[in-house]
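Take the sequence shown: its letters are residues 1 to 104, numbered as in full-length UniProt numbering.
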Amino acid sequence: KAKAACETCRARKTKCDAKRPECSACASRGSKCEYDIDPDITRYTSLKRRYQDLEQEHTELLDVLDMLRSRSEDDAFSILQRIRTSTDIRATISFIKEGDLLAQ
């Protein structure tokens with residue numbers, strides 16, 4: 001049994017043997033064959049990991065919102081500036097939580 005069907009077979013709702021780099025169904029149709037998950041994990045495991053990542057991101061964003069609500073206007077403005085100029089939001093959140101931003 002295939003761990004996870006390719007995107008084309010999923011969209012067409014057809015059986016997929018999940019061969020890589022191209023499944024048999026796509027090869028015979030001449031369709032583009034792409035997979036959105038690692039070949040060694042099931043779709044359930046992939047979705048479970050994604051759910052856990054989203055839960056963590058949600059918690060972090062709630063923490064930031066709480067910080068913005070509870071800090072002084074100047075501190076909240078500093079936090080917003082840091083968030084707007086950052087490319088790595090998780091590192092920024094950690095930085096803010098550690099209090100480094102407000103110690104500057």
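C-beta atoms are modelled at their ideal positions from N, C-alpha and C, and glycine is treated no differently.
Residue i, buried or exposed, once every other Cβ within 10 Å from all chains shown has been counted against 16
{"i": "alanine 4", "result": "buried"}
{"i": "glutamine 104", "result": "Bear in mind that the predicted position of glutamine 104 carries a pLDDT of just 47, short of 50, making it too unreliable to give a figure here."}
{"i": "threonine 59", "result": "exposed"}
Cβ neighbours of residue i in the same chain (closer than 8 Å, five flanking residues each side left out)
{"i": "arginine 20", "result": "Tyr35, Pro39"}
{"i": "threonine 92", "result": "Arg82, Ile83, Ser86"}
{"i": "leucine 68", "result": "Ala76, Ile79, Leu80"}
Beta-carbon gap between residue i and residue j smaller than 8 Å
{"i": "alanine 18", "j": "cysteine 26", "result": "no"}
{"i": "lysine 97", "j": "aspartate 75", "result": "no"}
Residues near residue i by beta carbon distance below 7 Å, same chain, minus five either side
{"i": "threonine 42", "result": "Lys3, Ala4"}
{"i": "leucine 101", "result": "At leucine 101 the pLDDT is 49, less than 50, meaning the model places this residue with poor confidence and gives no usable figure here."}
{"i": "threonine 14", "result": "Ala25"}
Own chain partners of residue i with C-beta closer than 6 Å, once the 5 adjacent residues on each side are dropped
{"i": "leucine 46", "result": "Correcting the residue identity first, residue 46 is serine in this sequence and not leucine. Answer for serine 46: Ile37, listed in chain order."}
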